[in-house]
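Trainee:
In the numbering used here, the protein residues as written are 855 to 1290.
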């Protein structure tokens, strides 16, 4: 029999730790190679981690809810020698790539029982320097947060593996430690986690902890409202032209494995117009404006356990078919926890579609550090006054829907936003046959 170590994988270059949110197999269970073994949550993505080989789960080293550094030993599989398959060494664990986004858990031979974990680096005289201890007792991400908030890590008790200070530890410390304001009074730092008020549970209530993705979303939304001066504009769109094209081409798209939706047309229209309205595709950095070169459109996907925004990179370079396939693919893999961290980063503009649930219109919250987010209302047949060629008016049944856009008034003026929305509306109402 051979023993194979299962390690906490690195789900992105900037990710130094992960939370084991759920075991999908129990101790003693037989598992197949590539069968989901456990779920992890990071700051960027939730993902199912597959078993690196077929065998029996004989040891569980990390319990549900624990946050540990990447490359920490999570579990041990016992397998026949013939079934053991070598994997990349822990030091060279690859960053998952899209298509397909498999977050493979790297494995390595079991170390001898006496091998120390996180052994300290010492000087010739046997003493450990403060810098060496800092590196041993924290991760690069934690040290970055500490530098940003001017926090001495050595003053924080670590709850992580081998006594490390985890991200949860340092963020909790920052949240509890008041920061001086200009007036000399204590005030929480703007970039610190949000302190949510405690509410008493009454008899009969069900109380359950937020998922990691829900907690991140909650903090992100409040921080966004604090950061950006939110304003929302609303436009009504006649989708009758899009409905006609969709009905005409839906079958041929389905033959190519793509479900042609109204959202694909909307993404296409936005991608084209973001190039012409650069400020809507920008970001604010201090007192400067960053005009993004790439047009990377995030599509908000509602999940049972929270909200996630996979990103279509360089959306303006894709055809309608390419956008349709990207929307279908990212949405499906978001729901099955198959996204890689790269696929939810570097967005420059976001579209959310509450209309699929029947919402008429809404005022979405900006996805920081972007400066605008488009909301799509429900699309349905409604009575509409139209002008005939002879310039007389009549009431007709048209396919109508609302679009709304929340934007950061620090840099996007109402005129900028309304010109962009007007051009998106015009593109949808006059969508060219040749672009389908």
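Heads up, the beta-carbon is just placed ideally off N, CA and C, and yes, glycines get one too.
(1) Could you check the C-alpha separation between residue 1180 and residue 1277 for me, to the nearest Å?
(2) For the structure I just gave you, are there three or more beta carbon pairs, one from the stretch 860 to 874 and one from the stretch 910 to 926, closer than 8 Å?
(3) Once DSSP output is grouped into helix, strand and coil, what is the label at residue 955?
(4) How big is the Cα-Cα spacing for residue 1203 and residue 1165?
(5) Quick test of the definition: if touching needs 3 or more C-beta pairs under 8 Å, does the stretch 1138 to 1152 touch the stretch 1182 to 1202?
(6) In the DSSP assignment, the beta strand (DSSP E) including residue 1145 goes from what residue to what residue?
(7) Suppose contacts are defined by Cβ-Cβ distances below 8 Å. Is residue 881 in contact with residue 927 by that definition?
(8) Going straight from the alpha carbon of residue 1212 to that of residue 1087, what length do you get?
(9) What is the DSSP secondary structure of residue 1162, reduced to helix, strand or coil?
(10) Would you kindly work out how many angstroms separate the C-alpha atoms of residue 1022 and residue 1053, rounded to a whole number?
(11) Name the two residues that bound the continuous alpha helix (DSSP H) containing residue 1073.
(12) Is the CB-CB distance between residue 903 and residue 863 below 8 Å?
(13) Looking at the unbroken alpha helix (DSSP H) that takes in residue 1281, where does it start and where does it end?
(14) Considering just the uninterrupted stretch of the alpha helix (DSSP H) at residue 1099, what are its terminal residues?
(15) With DSSP collapsed to three states, give me the class of residue 1035.
(16) For residue 860, which three-state DSSP category applies?
(17) Quick one: using the 10 Å Cβ neighbour count with 16 as the cut-off for buried, is residue 1259 buried or exposed?
(18) State the Cα-Cα distance for the pair residue 999 and residue 1290, rounded to the nearest angstrom.
(19) Does the beta carbon of residue 1000 fall short of 7 Å from some heavy atom of the ligand GTP?
(20) Going straight from the alpha carbon of residue 934 to that of residue 1001, what length do you get?
(21) If the criterion is Cβ atoms closer than 8 Å, does the pair residue 901 and residue 894 meet it?
(22) Can you look up residue 980 in the DSSP assignment and give me helix, strand or coil?
Mentor: By the coordinates alone:
(1) Within the chain shown, numbered from 1, the residue matching residue 1180 stands at position 326. Within the chain shown, numbered from 1, the residue matching residue 1277 stands at position 423. CA-to-CA, the gap between residue 1180 and residue 1277 works out to about 24 Å.
(2) yes
(3) Residue mapping note: residue 955 aligns to position 101 of the chain shown, counting from 1. Here residue 955 scores only 37 on pLDDT, less than 50, and its place in the model should not be relied on; the value that follows carries that caveat. Coil.
(4) For the purposes of this step, residue 1203 is taken as the residue at position 349 of the chain shown. For the purposes of this step, residue 1165 is taken as the residue at position 311 of the chain shown. Cα to Cα, the separation comes out at about 9 Å.
(5) yes
(6) By 1-based counting over the chain shown, the position of residue 1145 is 291. 1142 to 1145 is the extent of the beta strand (DSSP E) around residue 1145.
(7) Position 27 of the chain shown, counting from 1, holds the residue named residue 881. Position 73 of the chain shown, counting from 1, holds the residue named residue 927. No.
(8) The count along the chain shown starts at 1 and reaches residue 1212 at position 358. The count along the chain shown starts at 1 and reaches residue 1087 at position 233. Looking at the two C-alpha atoms, the distance is approximately 19 Å.
(9) Counting from one through the chain shown, the residue named residue 1162 turns up at place 308. Strand, per DSSP.
(10) Counting from one through the chain shown, the residue named residue 1022 turns up at place 168. Counting from one through the chain shown, the residue named residue 1053 turns up at place 199. Rounded to whole angstroms, residue 1022 to residue 1053 spans 22 Å at the Cα level.
(11) Translated into the one-based positions of the chain shown, residue 1073 becomes position 219. Per DSSP, the continuous alpha helix (DSSP H) segment holding residue 1073 begins and ends at 1066 to 1081.
(12) Your numbering for residue 903 matches position 49 in the chain shown. Your numbering for residue 863 matches position 9 in the chain shown. In this structure, residue 863 lies closer than 8 Å to residue 903 by Cβ.
(13) As a first step, residue 1281 is located in the chain shown; it is residue number 427 there, counting from the start. 1268 to 1283 is the extent of the alpha helix (DSSP H) around residue 1281.
(14) Working through the chain shown from its first residue, we reach residue 1099 at position 245. 1094 to 1109 is the extent of the alpha helix (DSSP H) around residue 1099.
(15) Stepping through the chain shown from its first residue, residue 1035 is reached at position 181. Confidence is the limiting factor: at residue 1035 the pLDDT is only 39, short of 50, which leaves the residue's position unreliable, though a coordinate-based value still follows. Coil at residue 1035, not helix or strand.
(16) Residue mapping note: residue 860 aligns to position 6 of the chain shown, counting from 1. Reduced to three states, the DSSP call for residue 860 is strand.
(17) Looking up residue 1259 in the chain shown gives position 405. Counting Cβ neighbours within 10 Å, residue 1259 comes out buried, since at least 16 surround it.
(18) In the chain shown, residue 999 corresponds to position 145, counting from 1. In the chain shown, residue 1290 corresponds to position 436, counting from 1. Near 47 Å, if we compare the C-alpha coordinates of residue 1290 and residue 999.
(19) Because no ligand of any kind appears in the structure shown, any question about the ligand GTP cannot be addressed here.
(20) For the purposes of this step, residue 934 is identified with residue 80 of the chain shown, where counting begins at 1. For the purposes of this step, residue 1001 is identified with residue 147 of the chain shown, where counting begins at 1. Between residue 934 and residue 1001, the C-alpha separation is close to 48 Å.
(21) As a working note, residue 901 is residue 47 in the chain shown. As a working note, residue 894 is residue 40 in the chain shown. Contact flag set, yes.
(22) Residue 980 sits at position 126 when you count from the first residue of the chain shown. At residue 980, the pLDDT of 49 sits below 50, so the modelled position is not reliable; the number obtained from the coordinates is stated separately. DSSP places residue 980 in coil when its eight states are reduced to three.
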